[in-house]
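J.:
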Amino acid sequence: VDVIAGELDGDRAPAAPPDSWASQPGSDLAIWLIKMPADSEWTLPATAPGVNRMLYCFVGSDAGVDATAIRKEEAVRLDPEQPARLAAGSENTEFLLLQGRPIAAPVFQMGPFVMNSPEELQQAFVDYRTTQFGGWPWSRPDPVHDRTEGRFALHADGRVEHRAMTARP
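Residue numbers (this note's numbering): 179 to 347.
1. Considering only DSSP beta bridges, list what Leu274 is partnered with.
2. Pick helix, strand or coil for Ala302, following the three-state DSSP scheme.
3. When the Cα atoms are used, what is the spatial distance from Met343 to Thr326?
4. Which residue's Cα is closest to the Cα of Pro227: Asp206, Ala183, Leu264, Leu274?
5. Can the beta-carbon of Leu275 be found closer than 8 Å to that of Ala193?
6. Does any CB atom of chain C fall closer than 8 Å to the CB of Asp305?
7. If you follow the beta strand (DSSP E) that Trp173 is part of, which residue opens it and which one closes it?
8. Within 10 angstroms of the Cβ of Gln277, are there 16 or more other Cβ atoms? Answer buried if so, exposed if not.
9. Can you give me the C-alpha to C-alpha distance between Arg337 and Leu299, rounded to a whole angstrom?
10. Figure out for me which residue from Gly328, Val304, Arg329, Ala216 has the closest Cα to the Cα of Ser268.
11. Could you name the residues of the same chain whose beta carbon sits closer than 8 Å to that of Gly201, not counting the 5 residues immediately before and after it, in chain order?
12. Counting Cβ pairs closer than 8 Å, one from the region 250-258 and one from the region 230-237, do we hit at least three?
13. Between the Cα of Val243 and those of Thr225, Thr271, Met293, spot the shortest distance and give me the residue it belongs to.
14. The beta strand (DSSP E) spanning Leu256 covers which residue range?
15. Using DSSP with H/G/I as helix, E/B as strand and the rest coil, what is Thr309?
16. Nearest-angstrom Cα distance between Pro261 and Gly289?
17. Could you check what DSSP says for Glu269 in three-state terms: helix, strand or coil?
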């Protein structure tokens, strides 16, 4: 298990940013990457009541969580107070666990903006229309590079780095 955020059996992730919910002791936030070899089992330990817990399978075709089959690209909501028996099927399996206590703050969402009040939401739209959150140096809202450029990086010091396009498995 790779502990990306939170803690598991004394294995602790790097400290979260001090102003984030993850840094609060009662957040119970955890992000774990669970890698299991074919035909193996592992028990996900229970956690505190009131915590939201989702398990997403993104590698493997015939995994199981307790008595429930879960296929690749499926997720299951777990009862935080109960341990969960994870089972890899006939091939290596990988799960992503996302867990945390709800923040219990009001949420207002419109388009890409999420705020805590309607007034904050309206101010976000005003700020975006006025400054594009710090300015937009291009003359168009949708700048693109010519397809013939290929893959490249333009560094702050003016260097241009070109790399071949490669396909990922």
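By construction, the Cβ of each residue, glycine as well, lies at the ideal position given by its N, Cα and C atoms.
Please read all numbers here as calculations on a predicted model, not as lab measurements.
T.: Quick answer:
1. Leu211, Tyr234
2. helix
3. 12 Å
4. Asp206
5. no
6. No chain C is present in this structure, which holds just one protein chain.
7. This structure cannot speak to residue 173, because the chain is shown only from 179 to 347.
8. buried
9. 40 Å
10. Ala216
11. Position check: residue 201 holds Ser in this sequence, whereas Gly was assumed. For Ser201, where only same-chain residues beyond five positions count, the Cβ hits under 8 Å are Ala193, Ala194, Pro195.
12. yes
13. Thr271
14. First-last for Leu256: undefined, no H or E at that position.
15. helix
16. 37 Å
17. coil
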